[in-house]
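Peer 1:
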Amino acid sequence: MIAAGATITAALITSGQVNINRDAAGPETKRNQVTQPRPDGQGKGPGIAVTPKGLDLCAGQDCAQDVLILSTGTTTLKIGDIELKGESPASFQHDGACENQDLDVDDECALRVWFEPATAGTDGSAVLVIHQNLKGNPTLVRLRGRAAEQPTTEPTE
1 MIAAGATITA ALITSGQVNI NRDAAGPETK RNQVTQPRPD GQGKGPGIAV TPKGLDLCAG
61 QDCAQDVLIL STGTTTLKIG DIELKGESPA SFQHDGACEN QDLDVDDECA LRVWFEPATA
121 GTDGSAVLVI HQNLKGNPTL VRLRGRAAEQ PTTEPTE
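Going by my numbering, the final residue of the sequence shown carries number 157, and the count climbs one at a time with no gaps.
Encoded structure:
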């Protein structure tokens, strides 16, 4: 039995149907490999991650919060203009710290954002629009401003 098996194996090797000395990276090996996407989900080129995706702000610069912009791709992320749009964009401000900046891979930038309504006691909402060198649309951050509650005075008797 063993001799018959060895004879069949030798015949298959001789005929080229089985190749024991095949290079480890040969076609047979590559056919069985599983290609997985990069863990960060980014291909070649720039990438962006922004946190948080939305901010709830109270009124005044004392209530300012940071929006973190992180370069997640394989090449430089170029941040262009950063603008405010939406229902009440004039009620929101940002410090411009990340505007027109180039972020190398894994670099980050913090943009300060705050709510300053023109009329005290007014709520507002807007969208922070971050223009960058990625294909497609700019990156958006939802903003909502809550006016500080005005103290009430009760008439005294």
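Cβ coordinates follow ideal geometry from the N, Cα and C atoms, glycine included. Keep in mind the model is a prediction, meaning the values are calculated, not measured.
Look up D193 in the DSSP assignment and say whether it is helix, strand or coil.
Peer 2: Here the chain comprises residues numbered 1 to 157, so residue 193 is not present and cannot be evaluated.
Peer 1: Which same chain residues, not among the five before or five after V105, have their C-beta less than 6 Å away from its C-beta?
Peer 2: Apart from the 5 residues on each side of it in sequence, V105 sits with its Cβ closer than 6 Å to the Cβ of S71 in its chain, given in chain order.
Peer 1: Suppose contacts are defined by Cβ-Cβ distances below 9 Å. Is G86 in contact with V50 by that definition?
Peer 2: no
Peer 1: Just the C-alpha distance for G145 and C58, rounded to the nearest angstrom, thanks.
Peer 2: 6 Å
Peer 1: Would you identify the three-state DSSP class for C109, choosing helix, strand or coil?
Peer 2: strand
Peer 1: Going by Cα to Cα distance, which pick from D56, I82 and S125 is closest to L111?
Peer 2: Here the closest residue by C-alpha is I82.
Peer 1: Enumerate in chain order the residues of its own chain whose CB-to-CB distance from I79 is below 8 Å, with the five nearest sequence positions on each side excluded.
Peer 2: I69, C98, E99, N100, Q101, D102, L103, C109, I130, H131 and Q132
Peer 1: Apart from the five residues on each side of it in sequence, which residues of its chain come closer than 7 Å, Cβ to Cβ, to L65?
Peer 2: Sequence inspection shows Gln at residue 65; the Leu mentioned does not correspond to that position. So the list reads L55, L57 and V113, once near-sequence residues are dropped.
Peer 1: Consult DSSP for Q93 and reduce its assignment to one of helix, strand or coil.
Peer 2: Here Q93 sits in strand by DSSP.
Peer 1: Give the DSSP bridge partners of Q132, in chain order.
Peer 2: Paired residues: I79.
Peer 1: Using the Cα positions of G121 and I48, report the straight-line distance between them to the nearest angstrom.
Peer 2: Cα atoms of G121 and I48: separation of roughly 35 Å, rounded to the nearest angstrom.
Peer 1: Buried or exposed: T75, going by 16 or more other Cβ atoms within 10 Å of its Cβ?
Peer 2: Of the other Cβ atoms in all chains shown, fewer than 16 fall within 10 Å of the Cβ of T75; this residue is therefore exposed.
Peer 1: Output the distance between the C-alpha atoms of A90 and P138, rounded to the nearest integer angstrom.
Peer 2: 20 Å
Peer 1: F92 to G136, Cα distance in whole Å?
Peer 2: The C-alpha of F92 lies about 25 Å from the C-alpha of G136.
Peer 1: From G73 to V67, what does the alpha carbon distance come to, in whole angstroms?
Peer 2: 19 Å
Peer 1: Around the Cβ of P52, are there at least 16 other Cβ atoms within 10 angstroms (buried) or fewer (exposed)?
Peer 2: exposed
Peer 1: Got a sec, what are the start and stop residues for the beta strand (DSSP E) C98 sits in?
Peer 2: Element bounds for C98: n/a, residue is neither H nor E.
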